[in-house]
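Chains A and B supply the protein sequences, listed in that same order.
According to my numbering, the stretch in the first sequence is residues 1 to 385, in order.
According to my numbering, the stretch in the second sequence is residues 1001 to 1165, in order.
Note that beta-carbon positions come from the ideal geometry of N, C-alpha and C, so glycine has one too.
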Amino acid sequence: MQLDFHYYATYCAAYLAGYSHEESLKVCYSAQFPDNCTRTFLAGVKAPVSAATTQTAIEMADANTDPIGLQDITRIWASFHFLPYDLNADVKKGGNRYKDKYRLICNPNGELLKETVNLVRGKSLEGVGMAMHILADTWAHRYFAGTPSVVINNTNSFFYEILEENGEWTERPVNFKHTPGESIEKCSYINSLGADSESFIMNLGHGRAGHLPDYSFIRYKFMPAWNDNHFIYKDNPDDYYHAFCQMIYAMKNLRGEGGAFETGVYAFETAAPYEKEIRAIIEKRQLDACADWKAFGEKLSGQEIPEFSVDAFRSEYESAPAEKKDDTGLGRFTLAALAHKSMVTNRIYKSGSMLAGYSLDYDGKDVGIKDYLKLLRFRKRGNRT
Amino acid sequence: MTKEQLTTQNPESVRLLKYRSSLMASGGAMVLFALWTVLRSIVEIDNELSTRADTKALMPIVSVLMTVSLIDLVLKLYVGLSARREALGRNKKKRPYLVLGIIIAALSVVWVIYILFEFPGACRLYGPVYPIVTLAVEATALYAALDLVFSAKKVRQIEEEMGRD
């Protein structure tokens, strides 16, 4: 997903879940921020770089693909953009390395999603926003894994867009290329370079399928190597609507409506009065739906939604005194990110996979990677993230 | 077409894709082994000519060897490329490559059996590395040939079944 859904649509979902305009802005800002919170950014504002939730193209090009480097990449991408569905999936075929990677495949409504949402309960709005980013991405990025893998993430020539024209359904091959410029009419999209090397960075996530998983309007089918010659049909409009309704349910739940967060529950009834309008935005054939979502959000709240800018977090964090940095938006976001990254790393480690590295038990209760120490110190001071 | 037709697969089409994928791989392997055979023949001929004093006497054998290598190259290239075309669904009419594939597989069986018989003697003469590598390569070529024949037959069988439906 991209800015249109993570920022503007999340604003709409937060507002429908009962948050005020100001609260919704905080939530949607933090829902978009995982796509901007790179090590480069964090280092620039002297924030803990371990809280990075994404990597720039240059950072990825510079990343080592030795086991330590791959673990770092996996911690970031599997935690925040490709949340694994079932870390204990029963995989019949293949070696242990393949099985570990297969278990990182992202899908909605997994156990980890439940933990992700429940982890931010009663905590900051920045944490809620971050969790909404992860939740929404489980729908958009399903069937891909947040670790470089040719066997899991590669695509082949079997890749078709499925579209409806005047009530007639047709399919046409998707033309992938590596040069700038995408055309919906010509079904021409950019994807990452193909590489046979299993751990090559180009085989990370949905790179080989281009931005297709990020476009709400598109329906397509493709055939990943792990699916035993069965193609996968991806209905983005339907998935995005589910993501929207699940975000409303999750945020309602986090606001105290009805016990612990459960998977497979959607606030369809809350979205129902707007369903036609929401589906129209989702299904409109455009590469960027920001304007439509913005207009819908402003109609909902009657307030203006400012454009997203990373500078909002930056200036507040930089101007805060050292002892107050954790109380800024970025401070709360980084603490939530560290807690979440530690939780996911721990679950992957406990599933018997070393793909995300070691996870330590610090005090019998708190677990995580080495970088978790900052969070641990923060908590020991009696704070809650 | 309906959305249902475009977004669901029947078991036959899954099997067809499986065997087409297999045919594609074994066709590619056949092409590679064709090139490998030529390369091996050149190395062996060069080896023989450089170690013998009287090379003129060897010329008839060398000529026969080169002709056989060329025939082998053409046959395997034809079979391999035809298999790949069929795997892509581009064969408008059924080509006779399957018969040639069966012949290549049969000759490959004979060749592997011969290598197995000669294996102890070759080990004594050249040491273990050369015979083991030769056996491994030829066994792989045999597997590719058998897989090609099996996959091609399965593809045709499933296509016929689907055509009948």
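Tell me whether the beta-carbon of residue i lies closer than 8 Å to the beta-carbon of residue j.
i: A:Asn191; j: A:Arg208; result: yes
i: A:Ala145; j: A:Met1; result: no
i: A:Ile201; j: A:Met60; result: yes
i: A:Ile134; j: A:Leu83; result: yes
i: B:Ile1158; j: B:Leu1016; result: yes
i: A:Ser44; j: A:Arg332; result: Reading the sequence as shown, one finds Gly at residue 44 of chain A and not Ser. Not closer than 8 Å, so no.
i: B:Thr1167; j: B:Leu1065; result: Examination of residue 1167 of chain B is not possible in this model, given that chain B is present from 1001 through 1165 alone.
i: A:Thr270; j: A:Leu16; result: yes
i: A:Ser199; j: A:Leu112; result: no
i: A:Thr56; j: A:Thr74; result: no
i: A:Leu125; j: A:Lys252; result: no
i: A:Ile76; j: A:Ala47; result: no
i: A:Leu3; j: A:Cys290; result: yes
i: A:Asp292; j: A:Ile305; result: no
i: B:Val1079; j: B:Ile1104; result: yes
i: A:Ala31; j: A:Gly129; result: yes
i: A:Ala78; j: A:Ala356; result: yes
i: A:Val120; j: A:Leu287; result: no
i: A:Phe217; j: A:Asn236; result: yes
i: B:Leu1032; j: B:Ser1151; result: no
i: B:Ala1034; j: B:Leu1077; result: yes
i: A:His340; j: A:Thr138; result: no
i: A:Ser353; j: A:Arg103; result: yes
Using a C-beta to C-beta distance shorter than 9 Å, which residues of chain B count as neighbours of residue i?
i: A:His242; result: Those within 9 Å of A:His242 in chain B number zero; the least Cβ separation is about 17 Å.
i: A:Ile162; result: Lys1003, Leu1006, Thr1007
Could you check where the beta strand (DSSP E) with residue i kicks off and where it finishes?
i: A:Asn175; result: 175-177
i: A:Leu163; result: 159-165
i: A:Ser188; result: 188-190
Please report the residue range of the alpha helix (DSSP H) in which residue i lies.
i: B:Tyr1019; result: 1011-1051
i: B:Arg1095; result: Element bounds for B:Arg1095: n/a, residue is neither H nor E.
i: A:Trp226; result: First-last for A:Trp226: undefined, no H or E at that position.
i: A:Val151; result: 150-153
i: A:Leu212; result: That residue, A:Leu212, is in no alpha helix (DSSP H); it is neither H nor E in DSSP.
i: A:Tyr29; result: 21-32
i: A:Ala63; result: Segment: none, A:Ala63 is in no alpha helix (DSSP H) and carries neither H nor E.
i: A:Tyr349; result: 329-350
i: A:Lys294; result: 290-301
Given that residue i touches chain A, what residues does it touch there, using C-beta distances under 7 Å?
i: B:Met1001; result: Trp169, Thr170
i: B:Lys1018; result: Asn229
i: B:Val1014; result: Asn229, His230
Based on the DSSP secondary-structure assignment, which residues constitute the bridge partners of residue i?
i: B:Lys1056; result: Beta-bridge pairing links B:Lys1056 to no other residue.
i: A:Tyr233; result: A:Lys221
i: A:Ile105; result: A:Ala145
i: A:Glu168; result: A:Glu165
i: B:Ser1108; result: B:Ser1108 is not bridged to any residue.
What residues from chain A crowd round residue i, counting only those whose CB sits closer than 9 Å?
i: B:Leu1098; result: Residues of chain A passing the Cβ test: none, with the nearest at roughly 22 Å.
Can you pull the chain A neighbours of residue i, defined as C-beta to C-beta under 8 Å?
i: B:Gln1157; result: Neighbours of B:Gln1157 on chain A: none; closest Cβ ~16 Å, over 8 Å.
i: B:Ser1021; result: Asn229
Interface residues of chain B around residue i at Cβ under 8 Å?
i: A:Lys221; result: Leu1006, Thr1007
How many whole angstroms separate the CB atoms of residue i and residue j, which I take to be in contact at a CB cut-off of 8 Å?
i: A:Gly297; j: A:Tyr8; result: 6 Å
i: A:Asn221; j: B:Thr1008; result: Reading the sequence as shown, one finds Lys at residue 221 of chain A and not Asn. A:Lys221 to B:Thr1008, Cβ: 10 Å. No contact.
i: A:Tyr189; j: A:His211; result: 7 Å
i: B:Ser1108; j: B:Leu1142; result: 4 Å
i: A:Tyr143; j: A:Ile232; result: 6 Å
i: A:Phe244; j: A:Ala14; result: That belief does not hold up - the Cβ atoms of A:Phe244 and A:Ala14 are roughly 11 Å apart, past 8 Å.
i: A:Phe80; j: A:Pro34; result: 5 Å
i: A:His242; j: A:Tyr274; result: A:His242 to A:Tyr274, Cβ: 15 Å. No contact.
Listing by chain order, which chain B residues have their CB less than 7 Å from the CB of residue i?
i: A:Tyr233; result: Thr1007
Cβ of residue i less than 8 Å from any chain D Cβ?
i: A:Tyr317; result: Included in the structure are the protein chains A and B, with no chain D among them.
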